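Down below is the structure, laid out as C-alpha coordinates.
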Amino acid sequence: MAGLKIVASMPDFFAHAGDGALRDKAGFGCFCARCGRAVSAPFGYEKALIWCLYCGIDAGHVPAIDTPWGHRWTFGVTREECVDDRRALDCGEFEAMAEARARREGRVIDLLPR
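Taking my numbering, I'd label the letters of the sequence shown as residues 104 to 217.
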(Lines of atoms letter the chains of each structure in order from A and count residues from 1; the text may use other names and numbers.)
(Lines give C-alpha, C1' and ligand atoms only; values in the text may rest on other atoms or scores of the structure.)
Protein backbone atom coordinates (compact mmCIF):
# COMPACT_ATOMS: atom_id res chain seq x y z
CA MET A 1 0.00 0.00 0.00
CA ALA A 2 1.38 3.39 -0.98
CA GLY A 3 1.71 6.10 1.64
CA LEU A 4 -0.55 9.11 1.68
CA LYS A 5 1.11 12.40 0.84
CA ILE A 6 -0.55 15.69 1.75
CA VAL A 7 0.22 18.66 -0.45
CA ALA A 8 -0.47 22.20 0.73
CA SER A 9 -2.89 24.08 -1.49
CA MET A 10 -2.22 27.52 -0.01
CA PRO A 11 1.29 28.67 0.80
CA ASP A 12 2.25 29.36 4.41
CA PHE A 13 4.23 32.53 3.67
CA PHE A 14 4.29 35.11 0.88
CA ALA A 15 7.67 36.86 0.69
CA HIS A 16 8.49 40.19 -0.92
CA ALA A 17 11.98 41.28 -0.01
CA GLY A 18 14.67 39.16 -1.65
CA ASP A 19 17.52 38.68 0.82
CA GLY A 20 16.49 41.37 3.34
CA ALA A 21 15.75 38.84 6.07
CA LEU A 22 19.16 37.25 5.54
CA ARG A 23 20.97 40.53 6.06
CA ASP A 24 18.96 41.19 9.24
CA LYS A 25 19.36 37.57 10.41
CA ALA A 26 15.57 37.35 10.73
CA GLY A 27 15.13 34.52 8.24
CA PHE A 28 16.61 32.31 5.56
CA GLY A 29 16.90 32.50 1.80
CA CYS A 30 14.78 30.32 -0.46
CA PHE A 31 12.88 30.45 -3.76
CA CYS A 32 9.24 31.00 -4.62
CA ALA A 33 7.76 27.53 -5.19
CA ARG A 34 5.65 28.90 -8.03
CA CYS A 35 7.92 31.18 -10.10
CA GLY A 36 11.41 30.53 -8.68
CA ARG A 37 12.11 34.12 -7.58
CA ALA A 38 14.74 34.42 -4.80
CA VAL A 39 12.99 35.40 -1.55
CA SER A 40 13.46 35.20 2.22
CA ALA A 41 11.22 33.61 4.82
CA PRO A 42 11.24 33.73 8.63
CA PHE A 43 12.95 31.05 10.66
CA GLY A 44 10.40 28.39 11.54
CA TYR A 45 9.09 28.19 7.96
CA GLU A 46 11.92 26.00 6.66
CA LYS A 47 9.58 23.13 5.68
CA ALA A 48 6.67 25.36 4.67
CA LEU A 49 5.37 26.20 1.22
CA ILE A 50 6.73 29.67 0.32
CA TRP A 51 5.58 31.84 -2.58
CA CYS A 52 6.59 35.35 -3.50
CA LEU A 53 4.05 38.08 -2.78
CA TYR A 54 3.46 38.62 -6.51
CA CYS A 55 2.41 35.01 -7.11
CA GLY A 56 0.20 35.19 -4.01
CA ILE A 57 -1.58 38.27 -5.34
CA ASP A 58 -1.84 36.75 -8.83
CA ALA A 59 -3.45 33.57 -7.44
CA GLY A 60 -5.85 35.54 -5.24
CA HIS A 61 -4.39 34.40 -1.90
CA VAL A 62 -2.98 37.80 -0.91
CA PRO A 63 -5.24 40.86 -0.96
CA ALA A 64 -3.59 43.74 -2.82
CA ILE A 65 -3.83 46.29 -0.01
CA ASP A 66 -1.70 49.07 1.38
CA THR A 67 -1.85 49.65 5.11
CA PRO A 68 0.15 51.81 7.50
CA TRP A 69 -0.07 49.03 10.12
CA GLY A 70 1.91 46.44 8.18
CA HIS A 71 2.15 42.76 9.05
CA ARG A 72 4.14 40.69 11.53
CA TRP A 73 7.18 40.38 9.26
CA THR A 74 8.67 43.27 7.30
CA PHE A 75 9.57 40.94 4.43
CA GLY A 76 6.33 39.07 3.85
CA VAL A 77 2.85 38.04 4.91
CA THR A 78 1.67 34.83 6.58
CA ARG A 79 -1.25 32.74 5.35
CA GLU A 80 -3.12 33.54 8.58
CA GLU A 81 -2.67 37.28 8.06
CA CYS A 82 -4.01 36.95 4.51
CA VAL A 83 -7.09 35.10 5.78
CA ASP A 84 -7.66 37.78 8.46
CA ASP A 85 -7.13 40.57 5.92
CA ARG A 86 -9.59 39.07 3.45
CA ARG A 87 -12.24 38.47 6.13
CA ALA A 88 -11.90 42.04 7.46
CA LEU A 89 -12.01 43.51 3.94
CA ASP A 90 -15.21 41.57 3.20
CA CYS A 91 -16.79 42.94 6.40
CA GLY A 92 -15.58 46.51 5.83
CA GLU A 93 -13.52 46.38 9.04
CA PHE A 94 -10.00 46.19 7.67
CA GLU A 95 -8.51 49.31 9.30
CA ALA A 96 -9.86 48.44 12.75
CA MET A 97 -8.65 44.83 12.48
CA ALA A 98 -5.20 45.87 11.23
CA GLU A 99 -4.76 48.41 14.02
CA ALA A 100 -5.88 45.89 16.65
CA ARG A 101 -3.42 43.30 15.28
CA ALA A 102 -0.58 45.83 15.33
CA ARG A 103 -1.42 46.75 18.94
CA ARG A 104 -1.50 43.07 20.00
CA GLU A 105 1.93 42.60 18.48
CA GLY A 106 3.36 45.68 20.21
CA ARG A 107 4.01 47.66 17.04
CA VAL A 108 1.99 50.72 18.07
CA ILE A 109 3.27 53.31 20.51
CA ASP A 110 0.65 55.66 21.90
CA LEU A 111 2.17 59.09 22.48
CA LEU A 112 -1.19 60.45 23.55
CA PRO A 113 -3.12 57.67 25.33
CA ARG A 114 -6.87 57.70 24.84
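Ideal Cβ placement from N, Cα and C applies to all residues, glycine included.
Keep in mind the model is a prediction, meaning the values are calculated, not measured.
Cα-Cα separation between G132 and R190, rounded to whole angstroms:
30 Å
Keeping to the same chain, check which residues put their C-beta closer than 6 Å to that of A144; ignore five residues upstream and five downstream.
Sequence-distant partners of A144 (beyond 5 residues in either direction) whose C-beta falls short of 6 Å from its own C-beta, in its chain, are F116, A118, G130, C133, I153.
Could you give the distance in angstroms between the alpha-carbon of S112 and the alpha-carbon of L214?
If you draw a straight line from the Cα of S112 to the Cα of L214, it comes to about 43 Å.
Looking only at its own chain, which residues have a Cβ that is under 8 Å from the Cβ of L192, when we skip the five neighbours before and after it?
P166, I168
Residues that G179 bridges to, as DSSP identifies them:
A118, W176
Those residues which DSSP pairs with A141 across a bridge
F134
How would you call R206, buried or exposed, if buried means at least 16 neighbouring beta carbons within 10 angstroms?
exposed
Counting only the same chain and skipping the five closest in sequence on each side, list residues whose C-beta sits under 8 Å from that of L125.
F131, G132, S143
Limits of the alpha helix (DSSP H) - the one that I212 falls within:
According to the DSSP assignment, I212 belongs to no alpha helix (DSSP H), since it is labelled neither H nor E.
Relative to the alpha-carbon of Y157, which residue among R210, A203, R137, R175 has its alpha-carbon at the smallest distance?
The residue with the shortest Cα to Cα distance from Y157 is R137.
Among M200, D188, G123, nearest to I160 - alpha-carbon criterion:
D188
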